[in-house]
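Chains as they are written, first to last, in our numbering: chain G, 1 to 310; chain X, 1001 to 1330.
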């Protein structure tokens, strides 16, 4: 594994998939660095699962390249896939086997996994109490953890998790988030995580790619994506006159009435004082200005609205 | 090498833990006593009707019955031919002082395999074989299976080898259970009883030139060996269907329909000679040993083995091509 730092752990170039006449995924490209938590965000049906299936060799891309730990997935399939652990959609295991039997079965397929390693991953996901029970008796949370245990068996450099918080309760989601962060920080594993619930991954991802209708519409650090126009809430009297003034200002993107007296705008932070001054000059009373942090939902909605095909 | 052992072990573990194999064995264990009793009743009834337990009288009576039926003008030609062949064969047994139905566990096991080779054993095989790949799709576990550092063809081959091992086990277990269970009533003797084999057919005539006697244990080995071959062919075809169809119920349905149609067609249309190229009309391999007449002109043991082999190889080619190339979409 000499010189693995030279490569990103996962790099995807111009990845496309056409099924029939429909291009489900088009020219996707991104890179995931070592120890990075990378979010792959988009609504249901945007092409997330198809992309993930191409990353792990379940679907052959029509075009493009997937490179894992420096190995081309198509040319060096075995070497590339050895560095990946994944859960694609639901963590489906053999229900008639116990958790341990499932892990042992996948360990035999990995090749060189010691019994010690099985014990390690079981402890890591805190399943030691129930590991000898049949999987059909497990709760969804336990299945999810067993799924992560099987993904970690082969000591992968890259962990691919498809909607890992799906179906979990809030406590389970928090637990999963902490677990993912620990894996990345302590073990240096790169984690590729897909989600359609943006605020769930917003807090843990270093960078995100946003996918819609089969193409990535933006990639970048979460912090930079948050730098866009922030939502600002105004309480004005009289509201109608205030609204006209806000609308006439440059740099203000949306102006809408949220309640009787409240007006919601999107504008750059530095414009707030100028807007306030203009309102006061016009004799509009400003009772409150509340600046809110934009969520990925805001950004996503804004971007998809800008999308001309939409 | 170690890798292959692991992969096949995995597949066998799944099959056994799924309890299907246990159900199959239970079916066999439950049905053999019924067949044994049925056989017992038949022997008793024949003895009662003839008022004698002497098999020579029985055989003579059977020949006379057959001859009476032959003289009836309404008999279809095909039946007439097969009846004639039967008489010839029975006459041979009589002339050579050989009791064809000497009771005993080995005889029961021999007759059981002759009767079960075309439907009963293949049904058991279909039940275990048709979910071997489709269940991975249905359960979603195919995604875990195919994202391991193992090539797809190796995974499929390990499944196939495990299936063939399982088929061998089912055929062996059926033989052992048939002998053990029926022996309780019929006794365990008769291993060295001479059995006639080597019959062949030419232009509807039973050719007895190559007929010879072999001890019954040898006949049993040959019979169950041929049954194994038929079952392996059925397993291979089910295996392909299991790759092509993603639902276990559908794949089992397809195979059952094919199997039963194959059995029906030979009886419905014995003059339609093209039927002999179908896989499921060639399953009655033990008929070539016992000399029962085949339904369709031109079928011989090498021919049937060749047809089953060609079908199996084609099925494997399709299964491997589809499994290694297809996208796992949902």
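The beta-carbon is built from N, C-alpha and C at its ideal position, and this holds for glycine as well.
Fair warning: this is a prediction, and the values are worked out from it, not measured in the lab.
Item: Would residue 1117(X) and residue 1166(X) qualify as a contact pair, given that the criterion is a beta-carbon distance under 9 Å?; Value: no
Item: Could you tell me if residue 145(G) is buried or exposed, where buried requires 16 or more neighbouring beta carbons within 10 angstroms of its beta carbon?; Value: buried
Item: Residues in the stretch 11 to 30 of chain G with C-beta within 9 Å of chain X's C-beta atoms, listed in sequence order?; Value: 17, 19
Item: Taking the C-alpha atoms as reference points, what is the distance between residue 1037(X) and residue 1285(X)?; Value: 26 Å
Item: DSSP three-state label for residue 287(G), please.; Value: strand
Item: Enumerate in chain order the residues of its own chain whose CB-to-CB distance from residue 196(G) is below 6 Å, with the five nearest sequence positions on each side excluded.; Value: 43, 44
Item: Mind checking whether residue 216(G) and residue 209(G) have CB atoms under 9 Å apart?; Value: yes
Item: For residue 1014(X), go through chain G and note every residue whose CB falls closer than 9 Å to its CB, in chain order.; Value: 94, 96, 97, 105
Item: Which one of 241(G), 258(G), 184(G), 233(G) has the shortest CA to CA distance from residue 267(G)?; Value: 233(G)
Item: Identify whether residue 127(G) lies in helix, strand or coil by the three-state DSSP scheme.; Value: coil
Item: Going straight from the alpha carbon of residue 1171(X) to that of residue 1269(X), what length do you get?; Value: 30 Å
Item: Quick check on the burial criterion: 16 or more other C-beta atoms within 10 angstroms. Buried or exposed for residue 1212(X)?; Value: exposed
Item: What is the DSSP secondary structure of residue 39(G), counted as helix, strand or coil?; Value: strand
Item: Which partner residues of residue 86(G) appear in the DSSP bridge assignment?; Value: 160(G)
Item: With H, G and I counted as helix, E and B as strand and the rest as coil, what does DSSP make of residue 34(G)?; Value: coil
Item: Under DSSP, the beta strand (DSSP E) around residue 261(G) begins and ends at which residues?; Value: Residue 261(G) -> no beta strand (DSSP E), and no H or E assigned at all.
Item: If residue 194(G) and residue 52(G) are in contact, beta carbons under 8 Å, what's the gap, nearest whole angstrom?; Value: 6 Å
Item: Just list the alpha helix (DSSP H) runs in the stretch 1231 to 1260 of chain X, keeping only unbroken ones of 4 residues or longer that don't cross its boundaries, in chain order.; Value: none
Item: Can you tell me whether residue 1262(X) is buried or exposed? The criterion is at least 16 other CB atoms within 10 Å of its CB, across all chains shown.; Value: buried
Item: Identify which residue in 1079(X), 1291(X), 1238(X) has its Cα closest to the Cα of residue 1092(X).; Value: 1291(X)
Item: Short of 8 Å Cβ to Cβ, which residues in the stretch 141 to 164 of chain G face chain X?; Value: 150, 154
Item: So, residue 1123(X) versus residue 1226(X), is the Cβ gap smaller than 9 Å?; Value: no
Item: Three or more C-beta pairs closer than 8 Å, one from the stretch 1137 to 1155 of chain X and one from the stretch 73 to 93 of chain G: is that the case here?; Value: yes
Item: In angstroms, rounded to a whole number, what distance separates the CA positions of residue 1(G) and residue 155(G)?; Value: With a pLDDT of only 39 at residue 1(G), under 50, the local geometry of the prediction cannot be trusted, and no value is derived from it.
Item: For residue 277(G), which beta-bridge partners are listed by DSSP?; Value: Answer is none; residue 277(G) lacks a bridge partner.
Item: Identify whether residue 220(G) lies in helix, strand or coil by the three-state DSSP scheme.; Value: strand
Item: CA-CA distance, residue 275(G) and residue 292(G)?; Value: 16 Å
Item: Closest to residue 313(G) by CA distance: which of 11(G), 244(G), 289(G) is it?; Value: What the structure shows of chain G is the stretch from 1 to 310, and residue 313(G) is not part of that stretch, so it cannot be assessed.
Item: When DSSP labels each residue in this structure, what does residue 1192(X) get in the three-state scheme?; Value: coil
Item: Listed in chain order, which residues of the stretch 99 to 132 of chain G have Cβ atoms closer than 7 Å to some Cβ of chain X?; Value: 105, 106, 108, 109, 110, 111
Item: Going along the chain, which residues of its own chain have a beta-carbon closer than 7 Å to the beta-carbon of residue 1083(X), five neighbours each way excluded?; Value: 1066, 1069, 1070
Item: Identify the continuous beta strand (DSSP E) that holds residue 1270(X) and give its terminal residues.; Value: Premise fails: residue 1270(X) is in no beta strand (DSSP E) and is neither H nor E.
Item: Helix, strand or coil: how does DSSP classify residue 137(G) here?; Value: helix
Item: Which residues bound the beta strand (DSSP E) around residue 13(G)?; Value: 10 to 19
Item: Using three-state DSSP, classify residue 49(G) as helix, strand or coil.; Value: helix
Item: Is it the case that the stretch 1225 to 1240 of chain X contacts the stretch 1305 to 1313 of chain X, given that we only count it when at least three CB pairs across the two stretches are under 8 Å?; Value: yes
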